[in-house]
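*Asks:* Position in the sequence shown (first residue = 1) + 46 = the working numbering.
Sharing a structure below in structure tokens format, with a few things to ask.
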Amino acid sequence: MFSDDSTILINELEKINHAMGEAEQNFQTLLLRVHPAQRLSAKNLLDYLVLRNRDIRDLQDTLHAHGLSSLASSESHIRSQVLAILGLLGAPVDAPDELCTYETGIKQIKEKTTALFGTRLLEGIPHIMVTFDSSFGCNYATVKSLLQSGMTVARINCAHDDESMWLQMIRNIRKAQEKTGLPCRIYMDLAGPKIRTRTPHHKKMKIKVGGTILLCEDEPADEKCLGITLPGIVNQLKPGERALFDDGVIETLVDQVSEGVAKLVVTRISSKKPVIKPGKGINFPDSILTISSLTDFDRASLPFIKKYGDLVGYSYLRNAKDVIELQEAIHDQPELSVILKIETPDAVKNLPEILFQGMQDEQFGVMIARGDLAVEVGFERMSEVQEEILWICEAGHVPVIYATQVLENLNKAGLATRSEVIDAAHAAMAECVMINKGTHTIEVIETLRDILLRSGGHHLKKRFTFRPLQIASRFVGG
Numbered sequence: 047m048f049s050d051d052s053t054i055l056i057n058e059l060e061k062i063n064h065a066m067g068e069a070e071q072n073f074q075t076l077l078l079r080v081h082p083a084q085r086l087s088a089k090n091l092l093d094y095l096v097l098r099n100r101d102i103r104d105l106q107d108t109l110h111a112h113g114l115s116s117l118a119s120s121e122s123h124i125r126s127q128v129l130a131i132l133g134l135l136g137a138p139v140d141a142p143d144e145l146c147t148y149e150t151g152i153k154q155i156k157e158k159t160t161a162l163f164g165t166r167l168l169e170g171i172p173h174i175m176v177t178f179d180s181s182f183g184c185n186y187a188t189v190k191s192l193l194q195s196g197m198t199v200a201r202i203n204c205a206h207d208d209e210s211m212w213l214q215m216i217r218n219i220r221k222a223q224e225k226t227g228l229p230c231r232i233y234m235d236l237a238g239p240k241i242r243t244r245t246p247h248h249k250k251m252k253i254k255v256g257g258t259i260l261l262c263e264d265e266p267a268d269e270k271c272l273g274i275t276l277p278g279i280v281n282q283l284k285p286g287e288r289a290l291f292d293d294g295v296i297e298t299l300v301d302q303v304s305e306g307v308a309k310l311v312v313t314r315i316s317s318k319k320p321v322i323k324p325g326k327g328i329n330f331p332d333s334i335l336t337i338s339s340l341t342d343f344d345r346a347s348l349p350f351i352k353k354y355g356d357l358v359g360y361s362y363l364r365n366a367k368d369v370i371e372l373q374e375a376i377h378d379q380p381e382l383s384v385i386l387k388i389e390t391p392d393a394v395k396n397l398p399e400i401l402f403q404g405m406q407d408e409q410f411g412v413m414i415a416r417g418d419l420a421v422e423v424g425f426e427r428m429s430e431v432q433e434e435i436l437w438i439c440e441a442g443h444v445p446v447i448y449a450t451q452v453l454e455n456l457n458k459a460g461l462a463t464r465s466e467v468i469d470a471a472h473a474a475m476a477e478c479v480m481i482n483k484g485t486h487t488i489e490v491i492e493t494l495r496d497i498l499l500r501s502g503g504h505h506l507k508k509r510f511t512f513r514p515l516q517i518a519s520r521f522v523g524g
């Protein structure tokens, strides 16, 4: 039936299958620690990491040339697909007792998505999450309209407002649910360790390319000093590391660090106005910072979130230890599901260990926080990194929220750009799409639903080839 290439194909596929079985034995302790409901998903994730530790592009081309599956779009059932191809090639197949098939993989993702976000209003399109503005707390009509337009998850950002305002928002959501009969989950985002600027006298600081900035731990006392809201950061910086301001609009390099003061040299200003405003975000993509992802403010917010929230978003986590910290803090509320926000280079690098730790809970999800992540990893790498996160999460049957800057221009100005419509269509690969605050939120929801409904049936048609992923290599070795 096949050419002489079939022997080569069988040998390569048997090597992959053997490596998957070997990994399941080597990581047995890890697999036994996950929640029983996550066991099959954990095995499939491990199998996928084994595959992505190899360069199989030549193998994929040969499989495709013979009319066989190239293993692309098989993330949810990867070992089953390898064994199915071996069977078609006439090789003896000894399948393990527990094997995630195509049907099982699809079922796992659907069930976990429903458990997190509820029943979809329209089959085939992701859930839609809307970020609540303070005004929604006193505007029931708007909240009701959001529900009727297709919102299924309401996001409350705990970095803003206070518990009294959060409660007003929640009461409006529950009232609208009761009146319309429509479902809505409440997602509450922990503030996390927000690192922002403090300027002298709360005024704008003028800067220029080649000029210097003194980043100070203390309150800025003169025009040359720029303060920072989170203590203990400055002394951890090293010369040559970048400090980015205002979502990467301003780039600086650390020149030297003395006690409590870092001298920064401005290398780029991507704005017509060369100023740094107070309250703007600061990112340190090259620095290894010792800070807690779960802040004292977050811990103080947790009792309220446990009482009223369905989902809790965890910001700026970097590794499995950070995940454990939140899991221990909410262990007395098993119905509150964690959403792990991937927004730092460390979180991307450590994604497998983060997911396996998340799998110790019966259900959890991941948010691709594309705003901060793009600043941290670089805009030129964002598409690649985003794709890798989606693949790995699908292999673990982990529901994904596609967040930040979705139809942003439409939301703010009332007119969508071509590039953001294309970007919104890509969101069909996720289980939920998040919309930020804006003045055209209802229109954004309606437009997004239309785009997702049209594109949802097409995104599986793309054929990918698999070079090794560093994320996989770091975890399984090689």
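Note that the Cβ used here is the ideal one computed from N, Cα and C, for glycine as well.
As the structure is a computational prediction, the values presented were derived from the model and not from experiment.
Tell me which residue opens and which closes the alpha helix (DSSP H) that Thr336 is part of.
*Replies:* It is not in any alpha helix (DSSP H) - Thr336 carries neither H nor E in the DSSP assignment.
*Asks:* In whole angstroms, give me the CA-to-CA distance for Gly196 and Ala137.
*Replies:* About 49 Å.
*Asks:* Run through the DSSP bridge pairs and tell me what Cys262 is partnered with.
*Replies:* DSSP output for Cys262 lists Gly273, Val307 as bridge partner(s).
*Asks:* Which word fits His64, buried or exposed, when buried means at least 16 other C-beta atoms lie within 10 angstroms of its C-beta?
*Replies:* Burial call: exposed.
*Asks:* Assuming Val479 and Ile174 form a contact by the criterion Cβ under 8 Å, report the distance between their Cβ atoms to the nearest whole angstrom.
*Replies:* The pair is a contact, with the Cβ atoms about 6 Å apart (cut-off 8 Å).
*Asks:* Excluding the 5 residues preceding and the 5 following Arg45 in the sequence, name in chain order all residues of the same chain whose CB lies nearer than 7 Å to its CB.
*Replies:* This structure cannot speak to residue 45, because the chain is shown only from 47 to 524.
*Asks:* Please report the distance separating the alpha-carbon of Glu434 from that of Glu466.
*Replies:* Taking the straight line joining both Cα atoms gives about 20 Å.
*Asks:* So what's Ile517 in DSSP terms, helix, strand or just coil?
*Replies:* If DSSP states are grouped into helix, strand and coil, Ile517 belongs with the helices.
*Asks:* Is Asp235 helix, strand or coil when you go by DSSP?
*Replies:* Of the three classes helix, strand and coil, the one that applies to Asp235 here is strand, per DSSP.
*Asks:* Which runs of the alpha helix (DSSP H) at least 4 residues long sit entirely within the segment 365-415? Give them in chain order.
*Replies:* 366-375, 391-395, 397-404, all fully within the segment 365-415.
*Asks:* How close, in whole Å, do the beta carbons of Leu76 and Phe521 come, if the pair is a contact with beta carbons under 8 Å?
*Replies:* Contact doesn't hold; Cβ gap of about 10 Å is too wide.
*Asks:* Start and end of the beta strand (DSSP E) containing Tyr360?
*Replies:* Where Tyr360 is concerned, the enclosing beta strand (DSSP E) stretches over 357-360.
*Asks:* Excluding the five sequence neighbours on either side, which residues of its own chain have a C-beta within less than 7 Å of the C-beta of Lys270, listed in chain order?
*Replies:* Contacts found: Leu260.
*Asks:* Can you tell me which of the three DSSP states Gln302 falls into?
*Replies:* Residue state, collapsed to three classes: strand.
*Asks:* Here's the rule I'm using: 16 or more other beta-carbon atoms within 10 Å means buried, otherwise exposed. How should Thr463 be labelled?
*Replies:* Classification for Thr463: exposed.
*Asks:* Can you name the start and end residues of the alpha helix (DSSP H) that Arg100 belongs to?
*Replies:* That residue, Arg100, is in no alpha helix (DSSP H); it is neither H nor E in DSSP.
*Asks:* Quick one: Cα of Phe291 to Cα of Thr258, how far?
*Replies:* Cα to Cα, Phe291 sits roughly 14 Å from Thr258.
*Asks:* Taking DSSP as the reference, what is the three-state secondary structure of Arg509?
*Replies:* Note that Arg509 has pLDDT 46, beneath the 50 cutoff, so the model's placement of it is unreliable and the number below is only indicative. Here Arg509 sits in coil by DSSP.
*Asks:* Tell me the DSSP secondary structure of Lys225 in three-state form.
*Replies:* If DSSP states are grouped into helix, strand and coil, Lys225 belongs with the helices.
*Asks:* I'd like the list of long-range same chain contacts for Phe73, defined as Cβ closer than 7 Å, with 5 residues on each side in sequence excluded.
*Replies:* Leu92.
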